[in-house]
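Residue numbers (the numbering used here): 53 to 258.
By construction, the Cβ of each residue, glycine as well, lies at the ideal position given by its N, Cα and C atoms.
The model shown is predicted, which means the values in this text are computed figures rather than measured ones.
And the structure:
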């Protein structure tokens, strides 16, 4: 991810002494846009691919419901067609249009069988120790034939690797849903350099 000169590392509010602390409330108090989505989002290769995938899987004549998990300020909404109804969730209480507080580790009965698409970008990293609960919730939230698209970013020495990797995540998803595509971005560089980040897009269907 590109970083500007004012970039502040959000992980100190989320990880401490090799444990997840997930202090998102304090994080968003201290950093308005922790991952600089307003600067970098639309240039990311994974987002460009995601836009194409949503258009490919969408029925343009039909109204569709999309859940954006870990939405931040809701940047994803800007790339969607008008026939897609957008709901964004995040674990903060900031007031942004169409963005609501929700904890993905807790089942939300209002979301059951509601969505044609669930998009979860760079978020499951922070719930690696609760990933089984999260995936079960996602499956319940999807309508029949709905799509789950997850992006998972990791480095060779990422903290979350002890809980989850893209390979483990893919294996778990294949037990619950139908695999459509798995796309790796920056794989070669990440193998050569421990500091380089690989992104894996996992696309599954209910």
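Residue i Cβ short of 6 Å to the ligand GDP heavy atom set
i: residue 227; result: With respect to the ligand GDP, the structure shown offers nothing to examine, as it has no ligands at all.
Simplified DSSP assignment, three categories, for residue i
i: residue 143; result: coil
i: residue 215; result: coil
i: residue 236; result: strand
i: residue 196; result: strand
i: residue 203; result: strand
i: residue 229; result: coil
i: residue 279; result: Any question about residue 279 goes unanswered here, given that the chain covers just 53 to 258.
i: residue 137; result: strand
i: residue 69; result: coil
i: residue 150; result: coil
Spatial distance of residue i from residue j (CA atoms)
i: residue 248; j: residue 209; result: 10 Å
i: residue 168; j: residue 112; result: 13 Å
i: residue 180; j: residue 212; result: 6 Å
i: residue 163; j: residue 70; result: 33 Å
i: residue 64; j: residue 92; result: 21 Å
i: residue 145; j: residue 224; result: 31 Å
i: residue 131; j: residue 103; result: 7 Å
i: residue 222; j: residue 176; result: 12 Å
i: residue 72; j: residue 165; result: 30 Å
Short Cβ contact (7 Å threshold) for residue i with residue j
i: residue 79; j: residue 178; result: no
i: residue 197; j: residue 159; result: no
i: residue 306; j: residue 199; result: Within the shown structure, residues of the chain are numbered from 53 to 258, placing residue 306 beyond reach of any answer.
i: residue 258; j: residue 187; result: no
i: residue 228; j: residue 184; result: no
i: residue 143; j: residue 94; result: no
i: residue 83; j: residue 60; result: yes
i: residue 115; j: residue 135; result: yes
Rounded distance between the beta-carbons of residue j and residue i, thought under 8 Å
i: residue 171; j: residue 120; result: 5 Å
i: residue 126; j: residue 149; result: 7 Å
If contact is defined by three or more beta carbon pairs under 8 Å, each pair taking one atom from either stretch, is the region 132 to 143 in contact with the region 200 to 209?
no
Would you call the region 245 to 256 in contact with the region 229 to 236, where contact means no fewer than 3 C-beta pairs closer than 8 Å?
yes
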